[in-house]
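Trainee: Here it is: the structure, laid out below.
Number of protein chains: 2
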Amino acid sequence: MNLKHITIIVAAIIIGLPSTAQTNQSVVVEDFKPSSVNQPDKQFPQVNSEGRVRVSILAPQANRVQLDIGAVKYDLKKDTGGIWIGESAPQDEGFHYYQINIDGASVPDPGSLYFYGASRWGSGIEIPAKDQDFYALKNVPHGQLRENQYFSKTTNSVRHVYIYTPPEYDKNPAKRYPVLYLQHGMGENETGWGNQGRANVIMDNLIAEGKAVPFIIVMENSSVKFPSGFRPGARPQGQGANTPDKGPRNPMGNFNFAAQFERILIDDLMPYVESNFRVIADQQHRAMAGLSMGGMQTRLITLSNLDKFSQIGIFSGGSISMEDVNSAPGFKEKVKLVFVSFGSRELENRRPGGPFGGDPKANTDALKEAGINSQFYVSPQTAHEWQSWRRSLHEFAILVFKN
Amino acid sequence: MNLKHITIIVAAIIIGLPSTAQTNQSVVVEDFKPSSVNQPDKQFPQVNSEGRVRVSILAPQANRVQLDIGAVKYDLKKDTGGIWIGESAPQDEGFHYYQINIDGASVPDPGSLYFYGASRWGSGIEIPAKDQDFYALKNVPHGQLRENQYFSKTTNSVRHVYIYTPPEYDKNPAKRYPVLYLQHGMGENETGWGNQGRANVIMDNLIAEGKAVPFIIVMENSSVKFPSGFRPGARPQGQGANTPDKGPRNPMGNFNFAAQFERILIDDLMPYVESNFRVIADQQHRAMAGLSMGGMQTRLITLSNLDKFSQIGIFSGGSISMEDVNSAPGFKEKVKLVFVSFGSRELENRRPGGPFGGDPKANTDALKEAGINSQFYVSPQTAHEWQSWRRSLHEFAILVFKN
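Read top to bottom, the protein sequences are chains A and Z.
Residue numbers for the first sequence follow my numbering, beginning at 6 and rising by one.
Residue numbers for the second sequence follow my numbering, beginning at 6 and rising by one.
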């Protein structure tokens with residue numbers, strides 16, 4: 006949500022419109038083009054140079070149709086042919102989830118491609134960004150995004166994992182590579198980093214430019230079942246390792262949200278990857294990173310397993326404090342990179358005592374002063390959304406496995 | 006569409022209901038279970054032991070909500086909480102596309118996973134089949150489904166291709182494998198064989214049982230732009246090779262629907278595959294197969310390129326006649342397998358002069374009598390749908406690359 010957006014909501018509240026149903030009253034710039042993540046040959050949804058999203062759907066017998074994006078619902082208008090059309094306020098650059106609401110039914114827009122977020126496959130839109138070149142598909146050597154099945158003893162089931170191999174992987178059958186375990190956010194799954202995140206395209210471009218060491222990326226589903234009524238951040242964040250039955254030390258309260266995935270990752274997934282892919286299977290060449298919930302999981306799992314991970318990336322998911330460092334034996338010797346990032350709007354709206362713990366910039370500076378390779382990145386003009394995380398991966402990938 | 010289904014339509018016409026809006030009046034067996042291709046944790050859609058599909062959607066302000074499956078629309082009923090619910094007539098075993106219609110808007114069901122067919126990403130349902138074991142995900146060694154990008158000179162763009170590598174591929178870095186180019190149908194794309202077709206699961210299971218030679222499968226998008234007003238089968242099928250500007254010899258009329266993909270396949274895709282995957286790059290170890298439009302493309306492209314393909318699979322897409330054989334120089338020496346298949350309901354409803362040409366069984370028998378390894382397969386109780394093609398791939402994979 007950007008400032009214009011907030012202004013419109015505030016104005017709506019003042020003039021008495023319900024805050025969940027907006028009709029966009031401003032002048033709209035008429036330079037709309039189909040979104041880059043539309044289904045083939047679909048003309049809608051469209052985006053204009055202001056970042057407004059225009060949708061259109063045939064629903065001749067409907068009473069009310071709305072565009073639901075950025076937690077705001079915008080009423081569409083019906084033309085004589087039964088087609089509803091309308092647009093949102095300007096959105097931030099990058100990727101956003103959205104839905105259409107038809108007479109109270111929340112459904113995907115038939116015009117867009119679908120992405121898994123908010124615990125559903127739903128519509129997505131791409132607002133062109135000034136820096137979109139770093140995740141643009143180009144005629145450079147391409148790696149592969151490989152869909153794999155493997156058996157997990159922890160869950161007693163065949164599980165699904167996407168693995169990115171760099172462009173040169175099959176050309177160098179004797180060479181081994183560092184490996185990054187990369188996690189999505191709450192309500193997302195193992196498809197998020199490839200689809201919304203464009204992780205493989207970002208890596209192909211960085212490797213072609215010689216900016217990143219070629220490495221393998223493993224993307225699994227770290228979603229766990231939350232108890233009903235669970236709200237992230239309902240308790241103040243604690244510090245330290247992910248130890249079962251130590252409620253107050255866990256940022257998610259009594260529910261230990263990282264423990265199940267920690268067992269899958271360490272007992273099942275890492276052995277599978279290490280016996281089926283040419284990774285360098287040591288602590289020095291193993292990284293973990295994640296966004297939001299995946300960042301919190303990264304923090305907890307790496308702090309508990311410093312014998313296994315030397316490189317840590319936390320994107321919009323908290324930070325590591327000196328208290329964490331002091332309670333994790335050998336941290337200074339073992340950890341070669343701590344990377345912490347947020348979208349600028351997240352920092353503007355940050356509440357002390359919120360789900361992401363202490364001041365991330367202050368924590369990062371304290372680690373740096375203690376001689377730890379600690380990096381802080383702020384994504385300009387973005388919120389808790391994928392554009393922040395694409396940029397975070399891009400920055401992290403340049404730094405990782407170079408110490 | 007099965008017989009019960011047809012009966013209901015006929016009954017509806019007799020008693021004057023519109024044939025596009027059915028209310029299911031029969032007694033429904035109450036043993037519904039969530040479909041196996043639902044989104045995670047979604048309770049609807051459901052399927053019962055008769056093969057009826059029950060959907061449910063919250064749409065409190067809607068006037069009319071329908072389930073649209075098998076070219077029939079079934080009215081749902083609204084309960085007091087604003088939830089609409091209802092079911093279809095029994096469907097054939099296997100996979101079917103469907104949509105929900107809300108006050109005239111055709112949208113995907115928010116409960117199902119989405120599949121690309123009918124030129125859109127839409128809902129799919131899985132009716133449990135008596136033979137579903139052959140495409141069930143099991144704890145056997147798994148191959149990989151690899152998403153690749155490559156540059157096509159023909160289209161001057163980066164294109165997308167899925168490539169299945171068998172389970173042992175990465176364990177035998179010196180071994181080379183036969184390769185099958187496998188095509189989807191009209192309105193589908195390169196994701197069809199992996200998602201709806203379960204091609205990788207079928208292959209993993211066959212290889213684990215020792216029934217198929219391990220081979221690589223290449224799945225690209227062979228959709229071409231059809232001119233407006235185009236109807237497949239509007240002209241009688243001709244014979245012979247795919248030669249530009251020979252309208253009557255092409256089953257699609259004047260429009261040469263295979264020529265563009267032939268260039269992509271032979272000039273761009275095959276060289277990419279042969280320099281990036283360990284295939285045996287000769288005619289003996291190269292197959293092409295496809296379903297419906299993909300089967301017609303297979304027929305035309307292989308007949309024109311017998312120096313490149315020795316194994317041919319045509320699933321619900323026509324057959325090869327002795328006239329074809331006689332007009333393709335060297336056919337008898339070069340072709341090691343011709344496999345032709347249909348769903349049983351397609352043969353029951355077959356019109357002479359339809360889009361798939363002459364009698365496929367008679368054509369197959371004639372080839373066999375001429376000493377060609379020619380196989381005919383009929384999928385029991387299925388129509389022009391994915392269950393026919395899963396079974397066809399299963400049968401074809403057992404036979405291919407063994408001569």
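For every residue, glycine included, the Cβ atom is placed at its ideal position computed from N, Cα and C.
None of the values given here were measured: they were computed from a predicted structure.
Output the distance between the C-alpha atoms of Asp114(Z) and Glu374(A), rounded to the nearest integer angstrom.
Mentor: C-alpha separation (whole angstroms): 54 Å.
Trainee: Quick check: the Cα distance between Thr248(A) and Asn144(Z), rounded to an integer number of angstroms?
Mentor: Legend: pLDDT at Thr248(A) = 31, less than 50; position of this residue unreliable, value from coordinates given subsequently. Answer to the nearest angstrom: the Cα atoms are 32 Å apart.
Trainee: With a CB to CB cut of under 6 Å and the five nearest residues on each side skipped, what residues in its chain are close to Ser346(Z)?
Mentor: So the qualifying residues of the chain are Phe320, Tyr382 and Ser397.
Trainee: DSSP three-state call for Met275(A): helix, strand or coil?
Mentor: helix
Trainee: Measuring only the C-alpha atoms, how far is Arg125(Z) from Thr159(A)?
Mentor: 37 Å
Trainee: Beta-carbon of Arg125(A) versus every beta-carbon of chain Z: anything under 8 Å?
Mentor: yes
Trainee: By how many angstroms is the C-alpha of Glu193(A) removed from the C-alpha of Gly129(A)?
Mentor: 13 Å
Trainee: Could you name the residues that DSSP lists as bridge partners for Pro39(Z)?
Mentor: Gln51(Z)
Trainee: Just list the residues that DSSP pairs Asn91(A) with in beta bridges.
Mentor: Note that residue 91(A) is Gly in the sequence shown, not Asn. In the DSSP output, where bridge partners are listed per residue, Gly91(A) has Val60(A).
Trainee: Within 8 Å, do at least three Cβ pairs link the region 218 to 226 of chain A to the region 168 to 183 of chain A?
Mentor: yes
Trainee: Name the chain A residues that come within less than 8 Å of Leu142(Z), Cβ to Cβ?
Mentor: Gln154 and Val163
Trainee: Can you find a C-beta in chain Z that's less than 8 Å from the C-beta of Gly362(A)?
Mentor: no
Trainee: Should Tyr140(Z) and Met224(Z) be called a contact, given that it needs their Cβ atoms to be closer than 8 Å?
Mentor: no
Trainee: Taking Ala110(Z) as the query, report the chain A residues whose CB atoms sit under 7 Å from its CB, ordered along the chain.
Mentor: Ile62, Leu63, Ala64, Ala67 and Ile107
Trainee: Give me the Cβ distance between Gln289(Z) and Lys313(Z), rounded to the nearest whole Å; I'm assuming they're in contact under 8 Å.
Mentor: Wrong, their Cβ atoms sit about 11 Å apart, outside the cutoff.
Trainee: At the level of alpha carbons, what is the spacing between Tyr182(A) and Phe156(Z)?
Mentor: 26 Å
Trainee: Could you compute how far the alpha carbon of Gly99(Z) sits from the alpha carbon of Ser324(Z)?
Mentor: 24 Å
Trainee: Once DSSP output is grouped into helix, strand and coil, what is the label at Ser162(Z)?
Mentor: strand
Trainee: For Lys366(A), which residues of its own chain have a beta-carbon under 6 Å away from its beta-carbon, when the five flanking residues on both sides are left out?
Mentor: Phe381
Trainee: Could you tell me whether the Cβ of Asp329(Z) comes closer than 8 Å to any Cβ of chain A?
Mentor: No, its Cβ sits nowhere closer than 8 Å to a Cβ of chain A.
Trainee: Leaving aside the five residues before and after Asn68(A) along the sequence, list all residues of the same chain whose C-beta is less than 7 Å from its C-beta, in chain order.
Mentor: Excluding sequence positions up to five before and after Asn68(A), its CB lies within less than 7 Å of the CB of Asp108, all in the same chain and listed in chain order.
Trainee: Comparing C-alpha positions only, which one of Glu279(A), Asp84(A), His147(A) and Asn368(A) sits nearest to Asp209(A)?
Mentor: His147(A)
Trainee: Look up Leu342(Z) in the DSSP assignment and give the residues it is bridged to.
Mentor: Gln316(Z)
Trainee: Between the alpha carbons of Lys339(Z) and Pro178(Z), how many angstroms are there, rounded?
Mentor: 30 Å
Trainee: Beta-carbon of Tyr102(A) versus every beta-carbon of chain Z: anything under 8 Å?
Mentor: Output row for Tyr102(A): interface = no.
Trainee: On the criterion of 16 or more Cβ atoms from any shown chain inside 10 Å, does Arg356(Z) qualify as buried, or is it exposed?
Mentor: exposed
Trainee: How big is the Cα-Cα spacing for Asp136(Z) and Ser384(Z)?
Mentor: Those two C-alpha atoms are separated by around 11 Å.
Trainee: Residues of the region 72 to 92 of chain Z in Cβ contact with chain A at a cutoff of 9 Å, in chain order, please.
Mentor: Gly87 and Trp89
Trainee: Are the region 52 to 59 of chain A and the region 81 to 100 of chain A touching, with three or more C-beta to C-beta distances below 8 Å?
Mentor: yes
Trainee: Look at Leu342(A) and Ile306(A) and say whether their C-beta atoms are less than 8 Å apart.
Mentor: no
Trainee: Which same chain residues end up closer than 7 Å to Asp272(A) when comparing Cβ atoms and leaving out the 5 residues on each side of it in sequence?
Mentor: Lys158 and Thr159
Trainee: Please work out which residues of its chain come closer than 6 Å, Cβ to Cβ, to Glu267(A), disregarding the five sequence neighbours upstream and downstream, and give them in chain order.
Mentor: Ile306
Trainee: Could you give the DSSP three-state label for Met208(Z): helix, strand or coil?
Mentor: helix
Trainee: Beta-carbon of Val340(A) versus every beta-carbon of chain Z: anything under 8 Å?
Mentor: False, the Cβ-Cβ gap to chain Z never drops below 8 Å.
Trainee: Have a look at Gly87(A) and Tyr119(A) and give me their C-alpha separation to the nearest angstrom.
Mentor: 25 Å
Trainee: Got a sec, what are the start and stop residues for the alpha helix (DSSP H) Val330(A) sits in?
Mentor: Met327 to Ser332
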